[in-house]
Each structure stands twice: as C-alpha cells, then as structure tokens.
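Remember, the numbering used here sits 1464 above the position in the sequence shown when you count from 1. The C-beta atom is built at its ideal place from N, Cα and C for all residues, glycine as well. In this text, all values refer to a predicted model and were calculated from it rather than measured experimentally.
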Amino acid sequence: MKDSFFCDSNILLYAFGSQDLKKKEIASKILLDKKCIISVQVINEVSNIMIKKLKFSNSQIENFIHSCYKRYRIVALDEIVFTKACNIRKNHNIFYYDSLIVSSAVNASCSILYSEDMHHNQKVELLTIKNPFKEEI
C-alpha cells in the first residue's frame, strides 16, 4: 500500500489512555489516517495494558478489538514475519518484540513505523522508524 505507515502499541496507548494532551493529540491524528496499519501483536499489547493498567472492562476491550478490525489493516504474525524478525534483531540490534513490530511493518510495505520506544530515524530496509513526539508530522 503506497504511503502506508505502521503504528506501534505506544501510539495507540497515548491516543486512548494518556494524560499528556499533546501526545494524545499527535497520536490521535496519526490513528485517524486511513493509511495506518497495525498488527495482531499491537492489538494484543494494547488490550493487555488496557486491562491491567487502565482497568478497561471486557466489553470495552471487545469494542476496542472490533474497532481496530473496522478501522485498520491488521497484519498477522506468520512464519515470514517471525523469520524476518530474527534477521532484523540480529542485524539491527533491536529487542525481540520490537523486531516483530518492525518485521510486520516491513512485511506490510510501510515506509514509516511510528514508535516512541525505538531509535528515531533508524532505517530497516525501506522502513524508517519515527518518534512522532520528537517532531511535528
């Protein structure tokens, strides 16, 4: 998908549960774009935080999951993503779960991965990791 971008879990969490209004606004703007892609891993991580830290109810989690499937293209974790993640982890010194996010973004042909937790402007293949809170988008 031309000009598609991928969002890490922390972008969704800022949009749904942050007290930091500036970060919430930036994250919300990113997530409203129809070119946004996420993965099953992102849904899983966000759901877990919503349950444990934000105290969302089961029905709120179900609504969140349904909303994700209606709004975003969702990338599944498969053998290709896992194998590429191993190579990314080894070649770019990225933590395992982060390498799965990067691999999912690369596999989805995204040009940008928005994440606060990785190295800003790091390139992996044709993907650039951007911390949207370091610069205006």
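The alpha helix (DSSP H) spanning residue 1548 covers which residue range?
Run containing residue 1548: 1543-1556, per the alpha helix (DSSP H) assignment.
Quick check on the burial criterion: 16 or more other C-beta atoms within 10 angstroms. Buried or exposed for residue 1540?
Its Cβ having fewer than 16 others within 10 Å, residue 1540 is exposed.
Going by Cα to Cα distance, which pick from 1575, 1581, 1595 is closest to residue 1588?
Here the closest residue by C-alpha is 1575.
Where does the unbroken alpha helix (DSSP H) through residue 1532 begin, and where does it stop?
It spans 1522-1535 - the alpha helix (DSSP H) in which residue 1532 sits, taken as one unbroken run.
Given this structure, state the Cα-to-Cα distance separating residue 1566 from residue 1596, to the nearest angstrom.
Answer to the nearest angstrom: the Cα atoms are 16 angstroms apart.
Mind checking residue 1593: buried by the 16 CB within 10 Å criterion, or exposed?
Buried is the call here.
Counting only the same chain and skipping the five closest in sequence on each side, list residues whose C-beta sits under 6 angstroms from that of residue 1509.
Answer for residue 1509: 1473, listed in chain order.
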